[in-house]
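Residue numbers in the sequence shown follow full-length UniProt numbering, run continuously in steps of one, and reach 97 at the last position. A quick write-up on the structure given underneath.
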Amino acid sequence: MEKRTNKYRLNLQYLSSTKEDAILPEPIEIDFENHDNIFAIIETLKEKNLFSEESQATEFAIGLKLFSEVMIKNKNTPLFEEFFPAFGTFMKKLKSS
1 MEKRTNKYRL
11 NLQYLSSTKE
21 DAILPEPIEI
31 DFENHDNIFA
41 IIETLKEKNL
51 FSEESQATEF
61 AIGLKLFSEV
71 MIKNKNTPLF
81 EEFFPAFGTF
91 MKKLKSS
């Protein structure tokens with residue numbers, strides 16, 4: 001049986017640069033899957049009011065879910081071997097806050 005996931009599309013567009021003469025790269029659009037409802041996580045984090053700006057809840061949730069899904073899919077990769085246990089502790093703390 002195929003594992004069911006939520007499907008998303010993310011568009012990242014470079015709006016401006018700190019360098020006046022910078023050539024801005026073309027936008028990047030990626031499709032990805034995640035086992036969680038990221039929109040619900042964003043709303044939950046906004047309600048918890050953990051950050052100084054509400055928009056940071058959205059930034060945090062998207063970054064966290066992109067990172068964590070890649071890490072989970074590659075948990076046996078040496079890059080994550082020391083971090084994976086600490087990440088579990090972090091997620092428990094986040095969920096309890």
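We put the beta carbon where it would ideally sit given N, CA and C, even for glycine. Predicted model only: the values in this text are computed from it and were never measured.
For residue i: DSSP bridge partner residues
i, result
"N6", "N34"
"E29", "N11"
Beta-carbon proximity list for residue i, same chain, < 6 Å, skipping 5 on both sides
i, result
"L10", "I30"
"E33", "T5, K7"
"E69", "N34"
Buried or exposed by the 16-neighbour rule on C-beta atoms within 10 Å, applied to residue i
i, result
"A86", "exposed"
"K65", "buried"
Own chain residues within Cβ distance below 7 Å of residue i, not counting five before or after
i, result
"residue 111", "Residue 111 lies beyond the range of the chain shown here (1 to 97); nothing can be said about it."
"Q13", "P27"
"S52", "none"
Residues near residue i by beta carbon distance below 8 Å, same chain, minus five either side
i, result
"A61", "I38, I41, I42, L45"
"E54", "K46"
"M71", "F80, F83, F84, F87"
"D36", "N6, K65"
Checklist entry - Fully enclosed by the segment 46-94, which alpha helix (DSSP H) runs are 4 residues long or longer? => result 54-73
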